[in-house]
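Colleague: Line by line, the protein sequences give chains Y and U. FYI, the numbering for the first sequence is 161 to 320, going by the working numbering. FYI, the numbering for the second sequence is 161 to 320, going by the working numbering.
Protein chains: 2
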Amino acid sequence: MLRVSKLTDYGTLVMSHMAGSPDRLFSVTELAGTLRLNTPTVSKVLKALGRHNLVTSVRGTRGGYALARPAGTISVAEIVDALEEQPFGLTECSALSGTCDLESGCRIRANWQRINTAVRGVLNGISLADMMQPAPVAVRPSSIATRVAPRVIADKLKTQ
Amino acid sequence: MLRVSKLTDYGTLVMSHMAGSPDRLFSVTELAGTLRLNTPTVSKVLKALGRHNLVTSVRGTRGGYALARPAGTISVAEIVDALEEQPFGLTECSALSGTCDLESGCRIRANWQRINTAVRGVLNGISLADMMQPAPVAVRPSSIATRVAPRVIADKLKTQ
DNA sequence: CAATATAGGACCGTTTTAGTCTTATTTGCG
DNA sequence: CGCAAATAAGACTAAAACGGTCCTATATTG
């Protein structure tokens, strides 16, 4: 599906909202209210983020959550890692059932892993602070692609 | 889960194998045999690829499948598009339930879409021929391996 | 002690995915 | 013509993932 889960989506929303007031605590109910999300869901997201030390929590009557670090030092990749259950990876393995002919499967697999790190690089390069900017963060789409296979890209851009 | 489906994985395997002999036809049973995949599954994959005109098919006794175009002109993004059901997109929408406070949700959403195109750019820049190379295709070494530094990267990359 | 909050985890319904199967259609060949 | 081989299309099933809820425990404040 090549899609980030809703939990990750909520995570970026919640964290970016908290980033607006880095010095105070937000309770789950407050966050759910202002962001129009369900309370248990927000709770689940924050618990997961807390386990990965992206947010800190304070229990008790006046407790709540806050970002563990400044928004500029938290990457989207970290949020994805915290909220997506399975470890990051575009494929589990291209050659699942034993060896296929000529190890070509393993070649494919190695290349998938390369693509993988490239995608991860994109996610790693965007911080929570970037996500909050009203103007879209500058992520040049073809910066990575261009130096790989220029001919393909040229063809694609013409036909799409 | 930010992962490509198994069908897509199979698709790259099957297509890269067919790319080895661009001038002949491969039957489903042959492909399944050499790649150690199940026949119906291979059939399913090829049917989907055929609907998207990535492979051509010939029915009948000596029929089979072949790549519709040279491997160098087929991008991984096209295979993903053909085999992933849902349209490409990392999030469906970051602000699902109406408007959240201050439109921050929509800001997040816009930025997810930017990230989206960047990821797609990566996939778009890799051709099937690249995937077949024994040496991993050059997808820009992950100089971004470590955390943080997002600000620097975001600034360095120019807007689309 | 009581109220308020998070922590952890179990639980369930829905959706998606992977895979199989059935039926129809096309083509080659004796 | 008629049979065999092959794809086309889609229905169907089992399993896994996802989204969401709920329950119980624990910590903090006053």
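Built from N, CA and C at the ideal position, the CB exists for glycine as well. These figures come from a predicted structure and were not determined experimentally.
(1) If we count the other Cβ atoms within 10 Å of its Cβ and call it buried at 16 or more, is R163 (chain Y) buried or exposed?
(2) Thinking just about the alpha-carbon of each residue, which of U:I286, U:L227, U:Y170, U:Q293 is nearest to the one in V215 (chain U)?
(3) With DSSP as the reference, label L197 (chain Y) as helix, strand or coil.
(4) Using 8 Å as the threshold, is the segment 230-244 of chain Y in touch with the segment 281-288 of chain Y, meaning 3 or more CB pairs across them?
(5) Rounded to whole angstroms, how far is the Cβ of V240 (chain Y) from the Cβ of T168 (chain Y), which I believe are closer than 8 Å?
(6) Name the residues in the segment 268-293 of chain Y whose C-beta lies less than 8 Å from a C-beta of chain U; which are they?
(7) Please identify the residue among Y:G193, Y:K204, Y:V218, Y:S181 whose C-alpha is closest to the C-alpha of E245 (chain Y).
(8) Name, please, each residue of chain Y whose Cβ falls closer than 9 Å to the Cβ of V218 (chain U).
(9) Measuring straight from C-alpha to C-alpha, what distance separates V174 (chain Y) and A270 (chain Y)?
(10) Please report the distance separating the alpha-carbon of R219 (chain U) from that of S176 (chain U).
(11) Quick one: grab the DSSP three-state call for G281 (chain U).
(12) Quick check: L209 (chain Y) and Y225 (chain Y), are their CB atoms within less than 9 Å of each other?
(13) Specify, as a first and last residue, the run of the alpha helix (DSSP H) that A228 (chain U) falls within.
(14) In this structure, what does DSSP give as the bridge partners for V215 (chain Y)?
(15) Please go through the same chain and pick out, in chain order, the residues whose beta-carbon is closer than 6 Å to the beta-carbon of H212 (chain U), but skip the five residues on each side of it.
(16) What are the residues of the segment 204-228 of chain U that lie near chain Y, defined by any Cβ-Cβ distance shorter than 8 Å?
Modeller: Let me spell this out:
(1) Position 3 of the first sequence, counted from the first residue, corresponds to residue 163 (chain Y). Classification of R163 (chain Y): buried, given that the 10 Å Cβ count is 16 or more.
(2) One-based indexing of the second sequence puts residue 215 (chain U) at position 55. It is U:L227 whose Cα lies nearest to the Cα of V215 (chain U).
(3) Taking the first sequence and counting its residues from 1, one reaches residue 197 (chain Y) at position 37. L197 (chain Y) falls in the coil class under three-state DSSP.
(4) yes
(5) Within the first sequence, numbered from 1, the residue matching residue 240 (chain Y) stands at position 80. Within the first sequence, numbered from 1, the residue matching residue 168 (chain Y) stands at position 8. Rounded, the Cβ-Cβ distance is 5 Å, consistent with contact.
(6) Answer set for the segment 268-293 of chain Y: I268, A270, N271, W272, Q273, R274, I275, T277, A278, V279, R280, G281, V282, L283, N284, G285, I286, S287, A289, D290, M291, M292, Q293.
(7) Translated into positions along the first sequence, residue 245 (chain Y) becomes position 85. Minimum Cα distance to E245 (chain Y) is reached at Y:K204.
(8) Position 58 of the second sequence holds residue 218 (chain U). Chain Y residues near V218 (chain U): none, gap ~23 Å exceeds 9 Å.
(9) Within the first sequence, the letter at position 14 stands for residue 174 (chain Y). Within the first sequence, the letter at position 110 stands for residue 270 (chain Y). Using only the alpha carbons, I get a separation of about 36 Å.
(10) As a position in the second sequence, residue 219 (chain U) is number 59, starting the count at 1. As a position in the second sequence, residue 176 (chain U) is number 16, starting the count at 1. Roughly 21 Å between the two C-alpha positions.
(11) Sequence index remark: in the second sequence, residue 281 (chain U) carries index 121 (1-based). Three-state DSSP puts G281 (chain U) in a helix.
(12) Counting from 1 along the first sequence, the entry for residue 209 (chain Y) is found at position 49. Counting from 1 along the first sequence, the entry for residue 225 (chain Y) is found at position 65. The answer is yes: Cβ separation under 9 Å.
(13) Locating residue 228 (chain U) in the second sequence gives position 68, counting from the first residue. Where A228 (chain U) is concerned, there is no enclosing alpha helix (DSSP H), given that its DSSP letter is neither H nor E.
(14) Stepping through the first sequence from its first residue, residue 215 (chain Y) is reached at position 55. Answer is Y:L227, bridged to V215 (chain Y).
(15) As a working mapping, residue 212 (chain U) is identified with position 52 in the second sequence. Hits under 6 Å: A242.
(16) none
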